[in-house]
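Participant: If you scroll down you'll find the structure; I have some questions about it.
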Amino acid sequence: MPQKRALEDYPLAAKGPLECALEGRALLNSSFFNKGSAFTVQERKDFGLEGMLPVAIHTLEEQVERAYGQYSSRDSPLAKNSFMTSMKYQNDVLYYKLIGTHIKEMFSVIYTPTEGEAIENYSRLFRRPDGCFLNILEKDNIGPILSKFGKEEDIDYIVVSDGEEILGIGDQGVGGIGISTAKLVLTTLCAGVHPNRTLPVVLDCGTNNKVLIEDELYLGLRQPRVRGAEYDEFIEIFVQAVKKQFPKAMLHFEDFGLQNARRLLEQYRPQLTCFNDDVQGTGVVTMAAIMAAAKVAKMEVKDLRVVMFGAGTAGTGIADQFRDAVAAGGKSKEEATAQVWLVDKPGLLLKSHGDQLTTAQTTYAREDEEWSSKDTKDLVTIIREVKPHVLIGCSTRPKSFTEEVVKEMAKHVERPAIFPLSNPTKLHEASPEDIYAWTDGKALVATGSPFPPVEHNGKKFDIAECNNATAFPGIGLGCILSRATRLSDKMLVAAIASLAAQSPALKDPTRPLLPDVEDVRRISAQIACAVIKQAVEEGLNRIEDIPVDNEEDLLDWVKGQMWNPVYRPLKKVDKSTSSRAAKGELGIGRLGASE
Ligand SMILES: NC(=O)c1ccc[n+]([C@@H]2O[C@H](COP(=O)([O-])OP(=O)(O)OC[C@H]3O[C@@H](n4cnc5c(N)ncnc54)[C@H](O)[C@@H]3O)[C@@H](O)[C@H]2O)c1
Ligand SMILES: O=C(O)C[C@H](O)C(=O)O
Ligand SMILES: [Mg+2]
């Protein structure tokens, strides 16, 4: 049996003094070490800051108050988003403390939907780079570039996007770096992943977005998107370079195009701990919402029928999680598959669509004979025939859940579950307000972006946000802390069960199907525990002495390694002998207490 180690000895423990070799202006310019007006008298002396700050010494709480006033004075969500981006470059602790203090209000500004707007305007809003920019013309230089961002032990979590299918707003070229950065902010905010141990990456392969190509300020490669063998080679070189440079890091793929997302996931899953958020993260959170909806409707998951409107990366990811959950409930895989109906541009997907179908869609395609005399292009007809319990939208087609569609659904089932998931908000298939009105408050609703509460018949309904942000940070934390060698299907199932068990609707059926964003840190810690336990069960852990046998100990162990936005005392170390982290090199390095 390996010796039990004290929590402080784990490399990710985020307590105790921070070694710092920076001083003067360099220190003020390091977002990781900077404390602004909160530097103590002693620190001001020790680090050569005298005369560089006004005399008053403020607490973090006072700084939050000032920053919130500045934030509030910005009059549009996009201006607020830009303010937050600047704040992130200035002071990490204040940035995360500010968001954490006002999470409900700020979530939609730093993430969906406003981050979508910021990404669309990336080249015009650009002030300074944040992350790793790799382009397909320099594919032979990827290894050396990655090595600038840290050594083997320095990076825990990488988010990479090729910018092709950002949210529902399509090809954003090099602006895709914005989704990598935003997702990493969430890993820190929602799961306490150390902000200096993460790396946002964009793979610039060109863009087919005419507006960008024609914009003289566009910052990416000004050429059509490269596809085929050259693209695959670029990805291959990148993934192998990640494995070599950061062998313990988790690689998270975000917003890749339909023809690449799943293919790359399947190719690389056996090789390293990787994850596609749009396929798997969305599958996990939506399956948890379906499980909660089943409980409220007093049904069993294995008996549900699901219509998926929009069967791309996200839609088929959800379909697969649902099918597996039904099969786990005792049905055959074929029976489980038959409980899902996929609808996409051609209407209901049928066997005769043949080559038009993606591999992921093919298994769900229906026999043409079953539908021979029916209008398979019409969603109302499909709903009338299928009588689904669950209708999910991942189509990017706004308003496609019309009054007729929603009312048809409510005719056949007592508590229809209707989840318009397309982001950003303007692309939602229906608004929660309409869905409640059209179903007389009977629908069980969850949406991809945040919505304010809805009043119906004098009752107030909080709207569950069904966004992968509730799932991936906890899954990531679990993989990081156990140093999992792979992310298995069973680890995802464990994450679903953990999230579903934390649904507020289980305690009170009038409450939302999924936990509120204000609870997300607690939820993520629980998800991480579930993922770690399963990793250990399957022997996928590289950290040996995890206390998996005792739930409380495990939770303490996880929480003890979550980064918190607090100012740690700074300890002056010698520049010549200090670690890269203490030197604040590139702002990325290993900054745990063990340094
Ligand atoms: N809430 C979440 O957590 C979450 C997660 C991932 C994706 N999404 C959202 O889901 C949407 C889809 O994302 P994706 O990554 O799957 O994109 P995708 O391009 O892979 O899939 C979109 C699918 O919708 C289909 N479609 C387009 N027009 C249609 C129409 N008129 N009728 C039926 N189907 C139509 C497309 O053919 C495609 O198969 C986006 O808006 C995205 O923001 C939400
Ligand atoms: O980024 C989000 O808001 C969720 C999801 O990954 C999406 O692509 O829409
Ligand atoms: Mg996404």
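Those letters in the sequence shown? Residues 1 to 595, by UniProt numbering. Glycine included, C-beta positions come from ideal geometry on N, C-alpha and C. Bear in mind the structure is a predicted one, so any value in this text is a computation, not a measurement.
Tell me the residue span of the beta strand (DSSP E) that contains residue 459.
Facilitator: Residues 459-461.
Participant: Residue 563 to residue 39, Cα distance in whole Å?
Facilitator: When rounded, the distance between both Cα atoms is 20 angstroms.
Participant: Among the residues of its own chain, which have a CB less than 6 angstroms from the CB of residue 18, if the five just before and after it don't count?
Facilitator: For residue 18, where only same-chain residues beyond five positions count, the Cβ hits under 6 angstroms are 568 and 570.
Participant: Once DSSP output is grouped into helix, strand and coil, what is the label at residue 341?
Facilitator: Three-state result, residue 341: strand.
Participant: In three-state DSSP terms, what is residue 196?
Facilitator: Residue 196: helix per DSSP, three-state reduction.
Participant: Just grab the DSSP bridge partners of residue 204 for me.
Facilitator: Answer is 135, bridged to residue 204.
Participant: By a C-beta neighbour count over all protein chains shown, 10 Å radius and 16 as the cutoff for buried, is residue 316 buried or exposed?
Facilitator: Classification for residue 316: buried.
Participant: Taking 7 angstroms as the line, does the beta carbon of residue 550 fall inside it for any heavy atom of ligand 2?
Facilitator: Answer for residue 550: no, Cβ out of range of ligand 2.
Participant: Among residues of its own chain, excluding the 5 on either side of residue 257, which ones have a beta-carbon nearer than 6 angstroms to its beta-carbon?
Facilitator: Correct list, in chain order: 164 and 165.
Participant: Could you give the first and the last residue of the continuous beta strand (DSSP E) run that contains residue 250?
Facilitator: Here the beta strand (DSSP E) through residue 250 covers 250-253.
Participant: Taking 8 angstroms as the cut-off, decide whether the C-beta atoms of residue 142 and residue 235 are in contact.
Facilitator: Contact: no.
Participant: By alpha-carbon positions, which one of 197, 396 and 349 ends up nearest to residue 561?
Facilitator: Checking every option, the nearest Cα to that of residue 561 belongs to 197.
Participant: Which residue wins for smallest C-alpha separation from residue 29, given the options 46, 438 and 91?
Facilitator: Among 46, 438 and 91, the Cα nearest to that of residue 29 is on 91.
Participant: Evaluate the contact criterion for the stretch 210-225 versus the stretch 490-509: three or more CB pairs, one atom per stretch, below 8 angstroms.
Facilitator: No contact exists between the stretch 210-225 and the stretch 490-509.
Participant: From residue 438 to residue 387, what distance separates their C-alpha atoms?
Facilitator: Whole-angstrom Cα-Cα distance: 17 angstroms.
Participant: Where does residue 596 fall in DSSP's three states?
Facilitator: The requested residue 596 does not occur in the structure, where the chain is confined to residues 1 to 595.
Participant: For residue 371 and residue 353, I'd like the C-alpha separation in whole angstroms.
Facilitator: The alpha-carbon atoms of residue 371 and residue 353 are separated by roughly 13 angstroms.
Participant: Quick one: using the 10 Å Cβ neighbour count with 16 as the cut-off for buried, is residue 582 buried or exposed?
Facilitator: Residue 582 comes out buried.
Participant: Provide the residue span of the alpha helix (DSSP H) that contains residue 446, from first to last.
Facilitator: No alpha helix (DSSP H) contains residue 446, which is instead part of the beta strand (DSSP E) from 444-447.
Participant: May I ask you to list the residues that DSSP assigns as paired with residue 639?
Facilitator: Given a span of 1 to 595 for the chain in the structure shown, any question on residue 639 remains unanswerable.
Participant: Taking the C-alpha atoms as reference points, what is the distance between residue 538 and residue 144?
Facilitator: Roughly 35 angstroms between the two C-alpha positions.
Participant: On the DSSP letters alone, give me the boundaries of the beta strand (DSSP E) that residue 318 sits inside.
Facilitator: Run containing residue 318: none in the beta strand (DSSP E); it sits in the alpha helix (DSSP H), 313-328.
Participant: Between residue 206 and ligand 2, is the CB less than 7 angstroms from at least one heavy atom?
Facilitator: Every heavy atom of ligand 2 is 7 angstroms or more from the Cβ of residue 206, so no.
Participant: Quick check: the Cα distance between residue 69 and residue 51, rounded to an integer number of angstroms?
Facilitator: Each residue's Cα considered, the two are about 26 angstroms apart.
Participant: Leaving aside the five residues before and after residue 87 along the sequence, list all residues of the same chain whose C-beta is less than 6 angstroms from its C-beta, in chain order.
Facilitator: Same-chain partners within the cutoff: 95.
Participant: Give me the Cα-Cα distance between residue 85 and residue 506, rounded to the nearest whole angstrom.
Facilitator: Cα to Cα, residue 85 sits roughly 37 angstroms from residue 506.
Participant: Taking 7 angstroms as the limit between beta carbons, can you name the residues of its chain near residue 363, skipping five residues before and five after?
Facilitator: Once the five neighbours on either side are set aside, the close Cβ partners of residue 363 are 337.
Participant: Within the stretch 137-192, note down every full beta strand (DSSP E) run reaching 3 residues or more, in order along the chain.
Facilitator: You should have 157-161.
Participant: Jot down the residue ranges of each uninterrupted alpha helix (DSSP H) in the stretch 430-515, minimum 4 residues, whole runs only, in chain order.
Facilitator: Entirely contained in the stretch 430-515, the alpha helix (DSSP H) runs reaching 4 residues are, in chain order, 432-438, 472-482, 489-501 and 504-507.
Participant: Checking the sheet assignment: what are the DSSP bridge partners for residue 44?
Facilitator: According to DSSP, which records beta bridges pairwise, residue 44 is partnered with nothing at all.
Participant: On the three-state DSSP scale, how would you describe residue 548?
Facilitator: Three-state DSSP puts residue 548 in coil, outside helix and strand.
Participant: For ligand 1, is there any heavy atom lying closer than 7 angstroms to the beta carbon of residue 394?
Facilitator: The answer is yes for residue 394.
Participant: In or out: residue 321 buried (at least 16 other Cβ within 10 Å) or exposed?
Facilitator: Under this definition residue 321 is a buried residue.
Participant: Evaluate residue 512 with the Cβ neighbour count: other Cβ atoms within 10 Å of its Cβ, from every protein chain shown; 16 or more gives buried, anything less gives exposed.
Facilitator: Answer is buried; the Cβ neighbour count reaches 16.
Participant: For the beta strand (DSSP E) containing residue 77, list its first residue and its last residue.
Facilitator: Not the beta strand (DSSP E): residue 77 falls in the alpha helix (DSSP H), residues 77-90.
Participant: Does any heavy atom of ligand 1 sit closer than 7 angstroms to the C-beta of residue 311?
Facilitator: Yes, the Cβ of residue 311 comes within 7 angstroms of a heavy atom of ligand 1.
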